[in-house]
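If you're matching positions, the sequence shown starts at 1 in UniProt numbering and goes up one per residue.
Remarks on the structure that follows.
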Amino acid sequence: MTEPLDRLTDRLLQVARSAGAEAADAIAVRGTSLSIDIRERALEQAERAESVEVGLRVLLGGRQACVSASDISEATLSAMAERAVAMAREAPDDPCAGLADPAEIARGWDLAALELVDPSDEPSPAALEEDARAAEAAALETAGIFQVEAGGAWSRREMHLAASNGFSGGYARSSRSISAVAFTGSGTQMERDWAAETRIFGADLPAAAEVGRLAAERAMARKGSRKPPTGSFPVLYDERIAASLMSHLLSAVNGATIARGGSWLRDALGQQVLPAHLSFIEDPLRPRTGSSRPFDGEGLPTRRRAIVENGILTGWTLDLATARKLKMASTANAARSTSQPPSPSVSNTELTPGTATRAELLAEMGTGLLVTSLMGSSINGNTGDYSRGASGFWVERGEIVGPVNECTIAGNLRDMLRTIVPANDARPHLSSRVPSLLVEGLTIAGA
């Protein structure tokens, strides 16, 4: 019989106490995944994986150490605890390390309301292969597409976290996905593009054929790509990649970065960082969303919060250690793996949507670049200087005139974010809801 994860974490805490730990927390993760890949109309790969991992963090005053294992035998757990305590004795003292106060920990939550797990049975490999073949067939119906790589996947992951401060809790999450990459052209003129959909509930997925057709449509639109002109132009970030722009803001307000003094927003608390009518919200309790969670990696109750409210930066993203370093309160944003101590991380985010469609923003842009793909990255974390390779479509008089590639876009994130204009096309099922974003005055290096 498979051992319940809560019993497994209890065993870890017991052996940690026996080994001499003054305080400890333990995490256990059990996962199952199944994936099918199709290439050139043939089954390329079928893979199933099952795993159990455990992690233990022990504390001796302000000294801490983490160990992990994929073997859950009694001998291994005892060895883990002894090794962790020995490591902690040699670790540097950190007065900010420590568990949550028992009065702060989460003690009640409604997992059913979050809808993190599809109650349906695990899909069969044949069902996933059927999805992949349907996506492939639909893409190949498009004239000019000569090859498609398609896949279907499913996973279920359970975790349980327990600590010597009295916290104990766990949850599971599931996902099912369909993806396709379509190829057109040949040699140096070969182009490709992709489409993919993932949902917690398999019944929420769009038809596999829709995914394949979209991948083919996007690939065909890339034919004949050329370099755009060099100069200063507005840039419209397509919804597919617009969240990457906001991710730079999230990195800059991460408590670990702030504590090191290495953020371009380190002095911006209480200042305007986005247009005054925009807010950037984190909501870990959003139902039916892949990154939702009732508590964080230190057992604190999660909550909705404004990272930016009406353009003003309201706070940092903090776990307990970074909050103590900055003499602030944790925002319940600790993330935890089996092998690492907690660190700050966000879950579901959403930028205030605009009222215009993407087409209307293209018309407003006039002449400029619609970016659909980004590659490489040169971001100066201290200054916010931004430079990335890009490809997409050149726009003149508000209309797309052709695909472009092999260009670089550059600017400064502080200036870029203060001028963004959002469209209304964010997809509601995504963990990061960010619509297409129009940014003025970036430097494009092309032909």
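Ideal Cβ positions, reconstructed from N, Cα and C, are used throughout, including at glycine.
Note that the structure is a prediction, hence the values are computed from the model and not measured.
Beta carbon of residue i nearer than 8 angstroms to that of residue j
i      : j      : result
GLY392 : LEU369 : yes
VAL15  : ARG30  : no
LEU8   : VAL54  : yes
ILE105 : GLY166 : yes
ALA332 : PRO301 : yes
SER175 : GLY290 : yes
LEU318 : SER330 : yes
ILE339 : SER70  : Inspection of the sequence shows that residue 339 is occupied by Ser rather than by Ile. For SER339 and SER70, no; Cβs fall outside 8 angstroms.
ALA26  : LEU59  : no
LEU13  : ALA28  : no
LEU128 : ILE200 : no
GLY311 : PRO341 : no
ILE281 : THR372 : no
VAL438 : LEU236 : Before going on, a small fix: residue 438 reads as Leu here, not Val. In this structure, LEU236 lies closer than 8 angstroms to LEU438 by Cβ.
ALA150 : ALA126 : no
TRP158 : GLY169 : Strictly speaking, residue 158 in this sequence is Glu, with Trp absent from that position. Not closer than 8 angstroms, so no.
ALA65  : ALA81  : no
VAL434 : ALA143 : no
GLU44  : GLN147 : no
ARG63  : ALA86  : no
ILE38  : ARG107 : no
Beta-bridge pairing of residue i - partner residues as DSSP gives them
i      : result
TRP316 : According to DSSP, TRP316 bridges with nothing at all.
ARG173 : ARG157
GLY441 : DSSP, once it has assigned bridges, lists no residue as partnering GLY441.
SER385 : At residue 385 the sequence reads Asp, which differs from the Ser that was named. According to DSSP, which records beta bridges pairwise, ASP385 is partnered with ASN412.
ASN254 : THR317
ILE281 : ALA306 and GLU350
ALA423 : ALA356
GLN272 : ILE312
ARG433 : GLU350
LEU99  : DSSP output for LEU99 lists no bridge partner at all.
ARG288 : According to DSSP, which records beta bridges pairwise, ARG288 is partnered with nothing at all.
LEU236 : LEU370 and LEU438
VAL404 : ARG226 and GLY392
PRO301 : PHE295
GLY446 : Answer by DSSP bridge pairing: none, since GLY446 is not bridged.
GLY231 : ILE444
Expected contact under 8 angstroms - CB spacing of residue i and residue j to nearest Å
i      : j      : result
GLY389 : GLY376 : 4 angstroms
ALA139 : GLY212 : 4 angstroms
PRO353 : PRO422 : 6 angstroms
ARG222 : ALA195 : The Cβ separation is near 13 angstroms, so there is no contact.
PRO123 : GLY255 : Actually they do not touch by this definition, with Cβ atoms about 40 angstroms apart.
HIS248 : LEU351 : No, HIS248 and LEU351 are not in contact; Cβ-Cβ is about 13 angstroms, not under 8 angstroms.
PRO294 : ALA447 : Between ALA447 and PRO294 the Cβ distance is about 52 angstroms, and since that is not below 8 angstroms, they are no contact.
LEU99  : ALA163 : 5 angstroms
SER432 : LEU361 : Wrong, their Cβ atoms sit about 19 angstroms apart, outside the cutoff.
THR408 : ALA445 : 4 angstroms
LEU278 : VAL346 : About 17 angstroms; that fails the 8 angstroms criterion.
THR367 : GLU406 : Not quite, the Cβ-Cβ distance comes to about 19 angstroms (not below 8 angstroms), so this is no contact.
THR32  : SER155 : 7 angstroms
ALA268 : LEU326 : That belief does not hold up - the Cβ atoms of ALA268 and LEU326 are roughly 14 angstroms apart, past 8 angstroms.
GLY61  : ASP93  : 7 angstroms
ALA335 : GLY299 : Contact doesn't hold; Cβ gap of about 13 angstroms is too wide.
Option in the options with minimal Cα separation from residue i
i      : options                           : result
ASP238 : ALA28, ALA359, LEU56 and ALA84    : ALA359
GLY394 : CYS96, ALA132, PRO234 and THR76   : A small fix is needed here, since residue 394 is Trp in this sequence, not Gly. TRP394 has its Cα closest to that of PRO234, out of CYS96, ALA132, PRO234 and THR76.
PRO206 : ALA19, ALA363, VAL67 and ASP131   : ASP131
VAL401 : LEU250, ALA306 and ARG226         : ARG226
LEU313 : ALA252, GLN271, ARG324 and ALA321 : GLN271
LEU114 : ARG303, LEU34 and LEU236          : ARG303
ALA182 : ALA203, ASP193, ARG173 and LEU269 : ASP193
GLY20  : SER33, ARG83 and ARG48            : ARG83
ARG17  : LEU56, PRO435 and GLU40           : LEU56
GLU191 : GLU40, ALA216, GLU364 and LEU77   : ALA216
ALA97  : ALA259, ALA153 and ARG324         : ARG324
ALA203 : GLY224, LEU214, SER177 and GLN189 : SER177
GLY152 : ASP94, GLU197, GLY262 and ARG11   : GLU197
GLY261 : ARG41, GLU44 and THR383           : THR383
MET246 : GLN45, ILE38 and ILE420           : ILE420
ILE145 : ASP101, PRO92 and LEU214          : LEU214
GLU50  : GLY62, LEU442, TRP109 and LEU34   : LEU34
ILE307 : LEU265, ALA172, LEU430 and GLY297 : LEU265
GLU136 : THR2, ALA208 and GLY441           : ALA208
GLY95  : TYR386, ALA46 and LEU320          : Going by the sequence as given, residue 95 is Pro instead of Gly. Ranking TYR386, ALA46 and LEU320 by Cα distance to PRO95 puts LEU320 first.
MET365 : LEU111, LEU442, HIS429 and ALA410 : LEU442
SER378 : ALA410, GLU309, ALA363 and LEU111 : ALA410
Those runs of the beta strand (DSSP E) which lie wholly inside the UniProt domain "Metalloprotease TldD/E N-terminal" (24-88) and span at least 3 residues: You should have 42-60 and 63-69.
Could you tell me which uninterrupted alpha helix (DSSP H) segments, each at least 4 residues in length, are contained entirely in the UniProt domain "Metalloprotease TldD/E central" (119-222), listed from first to last along the chain? Counting whole runs of 4 or more residues, the UniProt domain "Metalloprotease TldD/E central" (119-222) contains the alpha helix (DSSP H) stretches 125-140 and 208-221.
What are the uninterrupted segments assigned as beta strand (DSSP E) that are 3 or more residues long and contained completely in the segment 328-402, given in chain order? The beta strand (DSSP E) runs lying completely inside the segment 328-402 and spanning 3 residues or more are 349-351, 368-379 and 385-396, given in chain order.
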